[in-house]
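Residue numbers (our numbering): 613 to 945.
One structure is given below, encoded as structure tokens.
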């Protein structure tokens, strides 16, 4: 892994932010793209938020990208491009919590600060037979204290990377390699046949369903409408086609009766609207499921209000819109 070959805090920080809630295989191409586009923290700071969001497109949890950009501007502008070298100061950076501060501190500055990620939770809960839920306040505290006791204070960065790697490659969620494990003789989970039950995680609240109807204006002058999302939310400042929400899946007649659609239709003078395809596409987020449909709306000339359809792919959009744009562009061609 390229971030294992450096102690440059910019690269370590960048990799850790990208890998939050992202698998290595998915995050690696994004890390390489960011390093190529922004070789230094100053380069990232000088980029526009739109450029950062576009490069981030598809990774999800877009607040990470916004925090990444804000922190780069702070480090470049206020700290003369020098990252803090203490755990406390690292934690003051926007988007940097205990895990990321511990990783940067131990790898770059040899601080004895233990990292606790999903891999570490799994290794420690199994080896020590700990059933405290890892997503409870008590569990977070207990596992952090245990990891802090175990850390090699002479080589904290190597220790942290080793235990994470051990969990990712050996003590895996499914079919761990217990028969050749160096901890087999002391693993409480193996001894008590609890390997498949540890770690324990509290069940999340019920996932909510939302029905999104994206209206895709196609004008006679080959323009469309993209609107930037405002207010707080996971897709803050990303672009989207006009959105009409409904309480359930709707057909064409039901869509046309919705007040938000009628307002949009009056504004754009929609001549006709047809579904792009039958049925919804389900986009699953951690806390909600989005039942999404795209509707093609024929309109008159948009002129200054619209953007040329040929330029739509240049805007940062949520991945579900990005997939639609790629598919619809081929269809139109």
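We put the beta carbon where it would ideally sit given N, CA and C, even for glycine.
Pairing residue 630 with residue 642 gives a Cβ-Cβ distance under 8 Å.
Within the same chain, Cβ atoms closer than 7 Å to the Cβ of residue 832 are found at 912 and 913, the five residues on either side in sequence being excluded.
Residue 931 sits exposed, since fewer than 16 C-beta atoms from the chains shown fall within 10 Å of its C-beta.
Shown here, residue 788 sits in coil according to DSSP, grouped into three states, outside any helix or strand. Of all C-beta pairs linking the segment 778-787 to the segment 729-738, three or more are shorter than 8 Å, placing the two stretches in contact.
The segment 661-678 and the segment 687-696 do not touch, with fewer than three beta-carbon pairs separated by less than 8 Å. Excluding its 5 nearest sequence neighbours in each direction, residue 743 has C-beta neighbours in its own chain below 6 Å: 812, listed in chain order.
DSSP places residue 820 in the uninterrupted beta strand (DSSP E) bounded by 820-831. For residue 848, there is no enclosing beta strand (DSSP E), as DSSP marks it with neither H nor E. Exposure of residue 819 is indicated by the presence of fewer than 16 other C-beta atoms within 10 angstroms of its C-beta. Between residue 719 and the set 690, 764 and 683, the nearest pair of CA atoms involves 764. Between the segment 669-676 and the segment 845-857 there are three or more C-beta pairs closer than 8 Å, enough to call the two in contact. Of all alpha-carbon atoms in 644, 749, 839 and 805, the one lying nearest the alpha-carbon of residue 615 is that of 644. Rounded to whole angstroms, the separation of the alpha carbons of residue 730 and residue 810 is 12 Å.
The beta carbons of residue 753 and residue 825 sit about 44 Å from each other, so the pair does not count as a contact at 8 Å. Note: residue 896 is bridge-paired with 901 in the DSSP secondary-structure output.
Counting every other CB atom within 10 Å of its CB across the protein chains shown gives residue 836 a total of 16 or more, marking it as buried. Note that the segment 847-856 touches the segment 867-880; at least 3 beta-carbon pairs, one per stretch, sit closer than 8 Å. With distances taken between CA atoms, residue 698 lies nearest to 713 out of 713, 917, 918 and 838. Boundaries cannot be given for residue 860, as no beta strand (DSSP E) includes it and DSSP labels it neither H nor E. Ranked by Cα distance from residue 771, the options 806, 709 and 728 are led by 728.
The beta carbon of residue 750 lies closer than 6 Å to those of 744 in the same chain, with the five residues before and after it left out. Residue 626 holds the alpha-carbon nearest to the alpha-carbon of residue 648 among 886, 830, 827 and 626. The Cβ-Cβ distance between residue 651 and residue 723 does not fall below 8 Å. In this structure residue 613 is exposed. Its beta-carbon is surrounded by fewer than 16 other beta-carbon atoms within 10 angstroms.
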